[in-house]
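Visitor:
2 protein chains.
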Amino acid sequence: MQFADRLNNVETSAIRELFKLLGKPGIISFAGGFPDSAMFDVEGIREASALALSKEPGAALQYGATEGYNPLREQLALFMATKGVKNISPEGLIVTTGSQQALDLVAKTLLNPDDIALVEAPTFLATIQCFRLYGPKVLGVPIDAHGVQVDKLEAMIQQHKPKLVYIIPTFGNPSGALLTKERRLKYKTIVIEDDPYGDLYFGEAPPPSMLALSDQVPGSRDWLVHCGSLSKVLSPGLRVGWMVAPPDLLARATMCKQFSDAHTSTFAQATAAQYLLSGRMPATLNKVRSVYAERAQAMDQALQRELGDALAYTAPQGGLFFWANLTGTNGAVKDGNAFAKSAIEKGVAFVPGAPFFANDPDLSSIRLSFATADLAKIEEGITRLGQALKA
Amino acid sequence: MQFADRLNNVETSAIRELFKLLGKPGIISFAGGFPDSAMFDVEGIREASALALSKEPGAALQYGATEGYNPLREQLALFMATKGVKNISPEGLIVTTGSQQALDLVAKTLLNPDDIALVEAPTFLATIQCFRLYGPKVLGVPIDAHGVQVDKLEAMIQQHKPKLVYIIPTFGNPSGALLTKERRLKYKTIVIEDDPYGDLYFGEAPPPSMLALSDQVPGSRDWLVHCGSLSKVLSPGLRVGWMVAPPDLLARATMCKQFSDAHTSTFAQATAAQYLLSGRMPATLNKVRSVYAERAQAMDQALQRELGDALAYTAPQGGLFFWANLTGTNGAVKDGNAFAKSAIEKGVAFVPGAPFFANDPDLSSIRLSFATADLAKIEEGITRLGQALKA
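The listed protein sequences correspond, in order, to chains A and B. Here the numbering used here is used: the first residue of the first sequence is 15, the next is one more, and so on. Here the numbering used here is used: the first residue of the second sequence is 15, the next is one more, and so on.
1) Does any residue of chain B have a CB that is nearer than 8 Å to the CB of residue 297 of chain A?
2) Using a Cβ-Cβ cutoff of 7 Å, what residues of the region 131-144 of chain B are near chain C? List them in chain order.
3) Using a Cβ-Cβ cutoff of less than 8 Å, which residues in the same chain neighbour residue 86 of chain B once the five nearest sequence positions on both sides are dropped?
4) Can you give me the Cβ contacts of residue 270 of chain B inside the same chain, cut-off strictly under 7 Å, excluding the 5 residues immediately before and after it?
5) Quick one: residues in its chain with C-beta nearer than 8 Å to the C-beta of residue 114 of chain B, no 5 flanking neighbours on either side, listed in chain order?
6) Residue 319 of chain A to residue 52 of chain A, Cα distance in whole Å?
7) Whose CA, out of A:206, A:148, A:300, lies closest to the CA of residue 18 of chain B?
8) According to DSSP, residue 257 of chain A sits in a beta bridge with which residue or residues?
9) Buried or exposed for residue 188 of chain A, going by 16 or more other Cβ atoms inside 10 Å?
10) Per DSSP, what kind of secondary structure is residue 18 of chain B in: helix, strand or coil?
11) Closer than 8 Å, Cβ to any Cβ of chain A: which residues of the region 259-281 of chain B, in chain order?
12) With burial defined as no fewer than 16 other Cβ atoms inside 10 Å of the residue's Cβ, what is the status of residue 158 of chain B: buried or exposed?
13) Among residues of its own chain, excluding the 5 on either side of residue 360 of chain A, which ones have a beta-carbon nearer than 6 Å to its beta-carbon?
14) Looking at the C-beta of residue 13 of chain A, does it have a partner C-beta in chain B at a distance below 8 Å?
15) For residue 198 of chain A, would you say it is in contact with chain B, using Cβ-to-Cβ distances shorter than 8 Å as the test?
16) Could you list which residues in chain A have their beta carbon closer than 8 Å to that of residue 249 of chain B, in chain order?
17) When burial is assigned at 16 or more other CB atoms within 10 Å of the CB, is residue 310 of chain B buried or exposed?
18) Per DSSP, what kind of secondary structure is residue 250 of chain B in: helix, strand or coil?
19) In the DSSP assignment, find the beta strand (DSSP E) that holds residue 56 of chain A and state where it starts and stops.
20) Return yes when the Cβ of residue 73 of chain B is within less than 8 Å of the Cβ of residue 298 of chain B, no when it is not.
21) I'd like to know whether the C-beta of residue 48 of chain A is nearer than 8 Å to at least one C-beta of chain B.
22) How long is the line joining the alpha carbons of residue 230 of chain B and residue 343 of chain B, rounded to whole angstroms?
23) Going by CA-CA distance only, name the one from B:240, B:247, B:227 that's closest to residue 214 of chain B.
24) Output the distance between the C-alpha atoms of residue 405 of chain B and residue 350 of chain B, rounded to the nearest integer angstrom.
25) Along the alpha helix (DSSP H) that carries residue 320 of chain B, what are the first and last residues, could you check?
26) Compare the C-beta of residue 71 of chain B against all C-beta atoms of chain A and say whether one is closer than 8 Å.
27) Going by the DSSP bridge assignment, what does residue 366 of chain B pair with across the sheet?
28) Spell out a yes or no on whether the region 313-330 of chain A and the region 232-251 of chain A are touching, meaning 3 or more CB-CB pairs, one atom from each, closer than 8 Å.
29) DSSP three-state call for residue 116 of chain B: helix, strand or coil?
30) Less than 8 Å between CB atoms is the rule here; does residue 397 of chain A satisfy it with respect to chain B?
31) Quick test of your reading: residue 132 of chain A and residue 170 of chain A, contact by CB under 8 Å. State the CB separation rounded to the nearest angstrom.
32) May I ask which residues mark the beginning and end of the beta strand (DSSP E) holding residue 134 of chain B?
33) Output the boundary residues of the beta strand (DSSP E) element that contains residue 154 of chain B.
34) What does residue 64 of chain B reach in chain A if we use C-beta pairs closer than 9 Å?
35) Are there 16 or more other CB atoms within 10 angstroms of the CB of residue 160 of chain B, so buried, or fewer, so exposed?
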């Protein structure tokens, strides 16, 4: 069977191979990108779902508009308003099947095979592959602890004239600086702000999203795409995300969505709408923030104690991940892939960082999730990681 | 903003424009492609959803495997077995976000811009547009009352060497003849069998699906893709479809799905799994079959009475639609589009047939759905249609 040429641009993920080893009994895993199931507000979702089916069974179970279920679009606009986003009407967003679909629709709508897309290095693995399926060259822009390096981004925009720039400005890669400098306007490049983690902060709230800041930069909304998601804060299983974009882009993305999946599950959308309407979201957010904050702090302390200066990182102020580099000090391992293998031997799993780069991977990088292990498992898992380092 | 070239291949649907007129008060609509919401087993779905959340809240609300939620894959394999499909294991299918997504994934996996795809003329409108977004030329193969005209299909396969052939062999376009003649094997062309309506028969069950028949033709499964859906029989709002395909195609479609929406809503999947497990499906199927059969019969009688030989059609034995041609007898209208406009004036809506053709549209064709109007509305609506004809 002969497959489409576009598949040649995508490799099977190295991470997938690693995940196969996770079935080993007793493994403590820091490898996933999942939120903790124990945090799901099952009772609240059950009530919301029952309400959706009793109040509007026809709408919840019938075909719906491709743009999304209107009561949910209204709730999402209100939800964004609580986060400083003004001037968002329900018509200014479409509901997507997770924010992964928003990325796919933007790529399908915009990218030609001869285009260039800039992403952070590192970035969300599935974005790189999602974009590549539409043929463009995907290039990474270096980041540091404060997010994408704006001077390098500017130079790469000038050099490569990219069709779009994709960034996750808030956890793991926090930087709100970009938009305020009006660089997007200058280059008329579409900027995609992916914001699945912005609600998961541990202390003070992060800088406002680029979407929220766009009010301060006249015209910037014409070039800004914002992707939101309930996956990390409420439930990934609902597959409810959304996308804000300029009207002409939104209309074309809606057309592409019509032929991708017709619409997002109205059953899930009506449930999400009832949940947001129930007023339980603030308490849910407070809970996940405090639990993840505690776990992040425990991992930070354990890493310092067990790995010391063999690992360099900036402790995250939100999100689900530590991003760290093996320093190779005192002859210790410096390769993330090799370290992941010896860690599995010791009963702890994480993912090496290399696959998160579109090009020129940093082989010394690793990613550790603190989201799904409790405090005791974090202690034990990082102790094993220390043993793997010494082995 | 400059959009991707692939969007140039797709037009905004003429039907969409027509649908805007449906808001007019008092309109009786035969225009939709929806099942009747009144037929949804709301109580059964509510119970299934509550069970899914109490029995396995983690799985129902967490990220899931891209291939689908295993208990649902098991239930779908059993469901297909009741319809004569043997040798289907849960691993032989993936769950898709409606069968629309299955079509999108097959197209993404297989179609290059220089490929040719054959479809029936007429066929499902969204398939034509979905395929075109990947660049191929889409050509229609004529059908008659017994489905696709096999001799013409054979000639077109020889002439065009298509990458794939897409057919809906069971309602509206019933023909089980194709597979038994082993033509697919001869030409090594992928055949996509879309089967959303096969369960909606009015009298005797239709011929077995091509998937069921494939057991009789050794090797044929290597070239057969089968798309199923719960949308027409249970609920479109769940967005639960599935796809059976050869292993290498299924693996690549799964990879494409990973970057399209990660996975189908596990909440909807777990609900569907519990519903199938509950044993309510056979009664649900009996109910929809008998209600739609009654409506189809009423529409048939009313059409004969009110439009007589101005309209030529073969009464359907299942599905949701009458497909008919204006004969223009006695100087009556012969153009489906013009007739749709004068019908709206008289307070009844349907869709003209032309948009359902990939090329060379039959302008005299129209499509009437009997699914969502009750018997009184069907009587009144077809009476109005008769008045529109005379006007």
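For each residue, glycine too, the CB sits at the ideal point set by N, CA and C.
Guide: Quick answer:
1) Along the first sequence, read from residue 1 onward, the residue named residue 297 of chain A stands at position 283. No, residue 297 of chain A lies away from the interface with chain B (no Cβ there is under 8 Å from its Cβ).
2) In the displayed structure, chain C is absent; the protein chains listed are A and B.
3) If you number the second sequence from 1, residue 86 of chain B lands on position 72. Counting only Cβ-Cβ distances below 8 Å, and skipping sequence neighbours, we find 109, 254, 283, 284, 286, 287, 290.
4) Residue mapping note: residue 270 of chain B aligns to position 256 of the second sequence, counting from 1. 119, 122, 123, listed in sequence order.
5) Start at 1 with the first residue of the second sequence, and residue 114 of chain B comes out as number 100. 140, 144, 255, listed in sequence order.
6) To locate residue 319 of chain A, count along the first sequence from 1; it is residue 305. To locate residue 52 of chain A, count along the first sequence from 1; it is residue 38. For residue 319 of chain A and residue 52 of chain A, the distance between alpha carbons rounds to 28 Å.
7) For this step, residue 18 of chain B is matched to residue 4 along the second sequence. Ranked by Cα distance from residue 18 of chain B, the first of A:206, A:148, A:300 is A:148.
8) Residue mapping note: residue 257 of chain A aligns to position 243 of the first sequence, counting from 1. Beta-bridge pairing links residue 257 of chain A to A:108, A:241.
9) Counting from one through the first sequence, the residue named residue 188 of chain A turns up at place 174. Unreliable positioning characterises residue 188 of chain A in this predicted model, as indicated by a pLDDT of 40, which lies under 50. A coordinate reading is not provided.
10) Within the second sequence, the letter at position 4 stands for residue 18 of chain B. Here residue 18 of chain B sits in coil by DSSP.
11) Cβ contacts with chain A come from 260, 262, 263, 266, 269, 270, 272, 273, 274, 275, 276, 277, 278, 279, 280, 281.
12) Here residue 158 of chain B refers to the residue found at position 144 when the second sequence is read from its first residue. Label assigned to residue 158 of chain B: exposed.
13) On the first sequence, residue 360 of chain A is found 346 positions in, with the first residue counted as 1. Answer for residue 360 of chain A: 398, 401, 402, listed in chain order.
14) Here chain A comprises residues numbered 15 to 405, so residue 13 of chain A is not present and cannot be evaluated.
15) Within the first sequence, the letter at position 184 stands for residue 198 of chain A. In this predicted model, residue 198 of chain A has a pLDDT of only 47, less than 50, meaning its place in the structure is not dependable; the value taken from the coordinates is given anyway. It does not; no Cβ of chain B falls within 8 Å.
16) Counting from 1 along the second sequence, the entry for residue 249 of chain B is found at position 235. Correct list: 75, 76, 281.
17) Within the second sequence, the letter at position 296 stands for residue 310 of chain B. Result: buried.
18) Locating residue 250 of chain B in the second sequence gives position 236, counting from the first residue. Residue state, collapsed to three classes: helix.
19) As a first step, residue 56 of chain A must be located in the first sequence, where it is residue number 42. Looking at the DSSP string, residue 56 of chain A is not in any beta strand (DSSP E); the run it does join, the alpha helix (DSSP H), is 56-69.
20) Here residue 298 of chain B refers to the residue found at position 284 of the second sequence. Here residue 73 of chain B refers to the residue found at position 59 of the second sequence. In this structure, residue 73 of chain B does not lie closer than 8 Å to residue 298 of chain B by Cβ.
21) In the first sequence, counting from the first residue as 1, residue 48 of chain A sits at position 34. Cβ-Cβ to chain B under 8 Å: yes for residue 48 of chain A.
22) Mapped onto the second sequence, residue 230 of chain B falls at position 216. Mapped onto the second sequence, residue 343 of chain B falls at position 329. Cα-Cα distance, rounded: 46 Å.
23) The residue given as residue 214 of chain B occupies position 200 in the second sequence. When each option's Cα is compared against that of residue 214 of chain B, the closest is B:247.
24) The residue labelled residue 405 of chain B in the question sits at position 391 within the second sequence. The residue labelled residue 350 of chain B in the question sits at position 336 within the second sequence. Distance between the alpha carbons of residue 405 of chain B and residue 350 of chain B is about 15 Å.
25) Against the second sequence, residue 320 of chain B aligns to sequence position 306. 295-321 is the span of the alpha helix (DSSP H), which, as asked, contains residue 320 of chain B.
26) What you label residue 71 of chain B is simply residue 57 of the second sequence in a count that begins at 1. Chain A, which has a Cβ nearer than 8 Å to the Cβ of residue 71 of chain B, makes this yes.
27) Here residue 366 of chain B refers to the residue found at position 352 when the second sequence is read from its first residue. Bridge partners of residue 366 of chain B: B:380.
28) no
29) For the purposes of this step, residue 116 of chain B is taken as the residue at position 102 of the second sequence. If DSSP states are grouped into helix, strand and coil, residue 116 of chain B belongs with the helices.
30) Here residue 397 of chain A refers to the residue found at position 383 of the first sequence. By this cut-off, residue 397 of chain A is not an interface position.
31) In the first sequence, the residue the question calls residue 132 of chain A occupies position 118. In the first sequence, the residue the question calls residue 170 of chain A occupies position 156. Indeed they touch by this definition, with Cβ atoms about 6 Å apart.
32) By 1-based counting over the second sequence, the position of residue 134 of chain B is 120. Start and end: 130-135.
33) Here residue 154 of chain B refers to the residue found at position 140 of the second sequence. Run containing residue 154 of chain B: 151-158, per the beta strand (DSSP E) assignment.
34) Locating residue 64 of chain B in the second sequence gives position 50, counting from the first residue. Identification of chain A residues near residue 64 of chain B by a Cβ-Cβ cut-off of 9 Å yields 60, 63, 64, ordered along the chain.
35) In the second sequence, counting from the first residue as 1, residue 160 of chain B sits at position 146. With fewer than 16 other Cβ atoms within 10 Å, it is exposed.
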